[in-house]
Amino acid sequence: MTVTTGIAGPPGADARVIEKSWADPEQFAAIFDRYFGQIHRYLARRVGSKLADDLAADVFVAAFAQRTRYDLDQECARPWLYGIATNLVGAQRRREQRYYRALARTAAHQAVPPADTGDRVADRVSAVAAGPALAAALATLAPGDRDVLLLVALAELSYPEVAAALGIPYGTVCSRLSRARRHVRGALGDINPMHLKEPTDG
Amino acid sequence: MDELTLVRELLPDAPPPAGPVVAAARDRLDTRMHGPRRPHGQPRQHGRPRRGRPALLVTGVLAAGAAAALLAVTLLPGGQPAGRAHGRAPGLPRSLTATAARQYLLSMAGTAGQAKVTGRYWCSVVRQGSREMIAAGNKELSVPWLDGAGRSPSAARPAGFQYSVIERSQSEDCLEPPHGSWPGGTVTGYYQSLGAQFPTAADRAAWRQDGSPTRVGAWYANQSDSFQPGPRLRTGPKKGWGDYASLPADPAKLKAELSAQLPGRNDPVMKMEERSTGWSYPVIRNDMLFYAAVGVMGAPVRPAIRAAAYQVLASVPGVQVKPGIRDITGQVGTAVWLSHAGDRAVDYELIDSANGYLLGDENVTVTHLLGLPPGSVLTYNERVSSGWTNTLPNQPAR
Chain A
136 MTVTTGIAGP
146 PGADARVIEK
156 SWADPEQFAA
166 IFDRYFGQIH
176 RYLARRVGSK
186 LADDLAADVF
196 VAAFAQRTRY
206 DLDQECARPW
216 LYGIATNLVG
226 AQRRREQRYY
236 RALARTAAHQ
246 AVPPADTGDR
256 VADRVSAVAA
266 GPALAAALAT
276 LAPGDRDVLL
286 LVALAELSYP
296 EVAAALGIPY
306 GTVCSRLSRA
316 RRHVRGALGD
326 INPMHLKEPT
336 DG
Chain B
39 MDELTLVREL
49 LPDAPPPAGP
59 VVAAARDRLD
69 TRMHGPRRPH
79 GQPRQHGRPR
89 RGRPALLVTG
99 VLAAGAAAAL
109 LAVTLLPGGQ
119 PAGRAHGRAP
129 GLPRSLTATA
139 ARQYLLSMAG
149 TAGQAKVTGR
159 YWCSVVRQGS
169 REMIAAGNKE
179 LSVPWLDGAG
189 RSPSAARPAG
199 FQYSVIERSQ
209 SEDCLEPPHG
219 SWPGGTVTGY
229 YQSLGAQFPT
239 AADRAAWRQD
249 GSPTRVGAWY
259 ANQSDSFQPG
269 PRLRTGPKKG
279 WGDYASLPAD
289 PAKLKAELSA
299 QLPGRNDPVM
309 KMEERSTGWS
319 YPVIRNDMLF
329 YAAVGVMGAP
339 VRPAIRAAAY
349 QVLASVPGVQ
359 VKPGIRDITG
369 QVGTAVWLSH
379 AGDRAVDYEL
389 IDSANGYLLG
399 DENVTVTHLL
409 GLPPGSVLTY
419 NERVSSGWTN
429 TLPNQPAR
């Protein structure tokens, strides 16, 4: 079996591939090959790599099971898959919170970079300082707000993509993200504000 | 630095998944894609895992629609669980002893071996269905277990659950065995969504209370089920006959070949099965061998090979047999399944004792599960027709 985990082929082809897979299930393998690595890494960052191993596989089994209901107007399957992944994380909410709490206890150690230069070092230093409070803030975020925050921060989805992934209006994405950022900022009260830039909500 | 950057730094990018992780996940998807009876997305793991079928069962001919060679039954048109006028549902105390069960399967080996190949093509029409659970506000509940994700299901109703629909589809396939330069494969194949249907009148009433939406479901991003049939999509032709041509008709050799293709103790697939089921390695292998044999029984193989598969099945410890199970279309068959302690749903095959062909399979709850009463159908495959023929179906206009 050939295993690839990166992006292969234009995302615009996703809808056509999924449509073909309605009748020819094997076509769906291309979606797996294209996105498994991305989805796994997103999940690993949210819940840890051990749970991510199972959940990432679950995402594609679930996606395959649901493929006949894919909206073919959505050319790129990426938001769809991130939406499923986020939904599955939701079923593991308590484990995710435990992960963040554990992270809060060890954040200072985990955030130390092995080697880095320039502004990135400054960012890391800030993250080190903020780590415990930030992890605790993530653990106490409202689930819907956390989903939006992490889809933007980790998956780097655009606001419209987050809206599509979660099946919520664009405006709700904006309001949830704004709320999540306020929550995080509030939790970082003892961090030097000089290290924080003002958010630029879209 | 803003909050988003801090979050990225706190949760640093993870390394790419390890090769065995990718392989195991791909294996799960492959098995789901190619599973003989559920190639179109139906859940496959309710009472126990159905993953890990031998590779020969997931190659070539069975991939897209040869599932049609397998078959089954279960929902009443009005939505009641399959009638069982001839007996209680499988999963309840068996009616045959282990010895009698084995004798029945051995006798079926004789019957299956006497069948004749009476046409050039094996054509079949199979209707599949799977239950989806809908919450208030027309949202499909995410129940990973229903999607075959292997999580332990609860007896209680999922929070927010309002009603169920059965998502239905139909596969039509005609297969032609290898001959001359033709390697064998699907000559014609079609797939069509048949639209959703309510399993019970109570489900329909709950749907009306929810505003009678014309499309239901969508637990992610605006995807939903329609009650209307979809287009009839062409899936064939497709070359590939897998390993069927080379399967041995000797029962011992067939068992050895099937066993050799099962994942080993340290295979990532097996590890995942152990985690998701809590079963031991020998139990999972036993289960996989059962479904490997069933897969061969349902395939368009020579009668002698199907007979050998019955003998393999007879050698699997713990096989349950119960005659006189009636499906909704009135077909009466013998249910064959493998039970495990604590099963809350049973996945049984229905056998036509007249010729040894599989009539289909059904996954039905045997205890209260997800708020559903015992006897609730979770998935089914219903054979509308199947058999050898010299005539291909008409091509649909596209």
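Taken in sequence, the protein lines are chains A and B. Quick note: the first sequence uses the numbering used here, first residue 136, plus one each step. Quick note: the second sequence uses the numbering used here, first residue 39, plus one each step. Idealized CB from N, CA, C, for every residue including glycine. Everything numeric in this text was worked out from a predicted model, so none of it was measured.
Contact the stretch 59–66 of chain B vs the stretch 181–193 of chain A: 3+ CB pairs below 8 Å: yes
The beta strand (DSSP E) enclosing A/GLU296, as first and last residue numbers: First-last for A/GLU296: 294–301, but that is the alpha helix (DSSP H), not the beta strand (DSSP E).
Three-state class that DSSP yields for B/THR137 in the structure shown: helix
Under the three-state DSSP convention, the category A/VAL260 falls into: Its pLDDT being 45, under 50, A/VAL260 is placed unreliably by the model, and the measurement read from it follows with that caveat. Helix.
Beta-carbon gap between B/ARG169 and B/SER202 smaller than 8 Å: yes
Interface residues of the stretch 304–318 of chain A facing chain B [CB-CB below 7 Å]: ARG316
8 Å Cβ cutoff, A/GLU210 in contact with chain B: no
Any chain A beta carbon closer than 8 Å to B/VAL229: A small correction: the amino acid at residue 229 of chain B is Tyr; Val does not occupy that position in the sequence shown. B/TYR229 counts as touching chain A.
DSSP state of B/TRP257 mapped onto helix, strand, coil: In this predicted model, B/TRP257 has a pLDDT of only 45, less than 50, meaning its place in the structure is not dependable; the value taken from the coordinates is given anyway. The answer is coil: DSSP assigns B/TRP257 none of H, G, I, E or B.
Endpoints, the beta strand (DSSP E) within which B/ASN419 is located: 415–427
Residue nearest to A/PRO304 in terms of C-alpha spacing, selected from A/ARG176, A/GLY279, A/ALA198, A/VAL182: A/GLY279
Min CB distance A/VAL297 to chain B below 8 Å: no
Separation of B/VAL415 from B/GLY98, as counted between CA atoms: Residue confidence is low: B/GLY98 scores 28 on pLDDT, short of 50, so the model does not pin down where it sits. No coordinate-derived value is stated.
Chain-order list of residues whose beta-carbon lies under 6 Å from that of B/LEU410 (same chain, five-residue window excluded): THR403
Contact test: B/ALA347 Cβ vs the ligand GDP heavy atom, cutoff 7 Å: In the structure on display, the ligand GDP does not appear, and there are no ligands present to speak of.
Unbroken stretches of the alpha helix (DSSP H), 4 residues or longer, contained in the stretch 201–256 of chain B: 239–247
Interface partners of B/GLU214 on chain A, CB under 7 Å: The contacting residues do not exist; B/GLU214 stays about 18 Å from chain A at best.
B/ALA173, enclosing beta strand (DSSP E) - first and last residue: 159–173
Chain B contact for A/GLY321 (CB, 8 Å cutoff): no
Given A/PRO214 as reference, the closest of A/ARG316, A/VAL319, A/ALA299 once Cα atoms are compared: A/ALA299
Reduced DSSP secondary structure (H/G/I, E/B, other) of A/TRP215: helix
Contact set between B/ARG66 and chain A, taken where Cβ atoms lie within less than 7 Å: ALA192, VAL196
Contact set for B/ILE441: own chain, Cβ-Cβ below 6 Å, skip 5 residues either direction: Nothing about residue 441 of chain B can be read from this structure; chain B reaches only from 39 to 436.
Three-state secondary structure assigned by DSSP to B/ASP381: coil
Cβ pair count under 8 Å reaching 3, the stretch 389–396 of chain B against the stretch 207–222 of chain B: no
Backbone secondary structure at A/GLU210 - three-state DSSP: coil
Neighbouring residues, chain A, relative to B/GLU41 (Cβ below 7 Å): ARG316, VAL319, ARG320, PRO334
Backbone CA spacing between B/PRO58 and B/ARG246 [nearest angstrom]: 48 Å
Proximal chain B residues relative to A/LEU292, where beta-carbon distance stays under 9 Å: In chain order: nothing, as chain B lies at least about 12 Å away.
Separation of A/VAL152 from B/LYS291, as counted between CA atoms: 40 Å
Alpha carbon of B/GLY380 to alpha carbon of B/LEU327, nearest angstrom: 20 Å
Chain A contact for B/THR273 (CB, 8 Å cutoff): yes
Straight-line Cα distance separating B/ARG364 from B/ASP385: 15 Å
Where B/LYS177 sits in the DSSP three-state scheme: strand
Residues bridged to B/GLY430 (per DSSP): Contrary to the premise, residue 430 of chain B reads as Leu rather than Gly in this sequence. Answer is none; B/LEU430 lacks a bridge partner.
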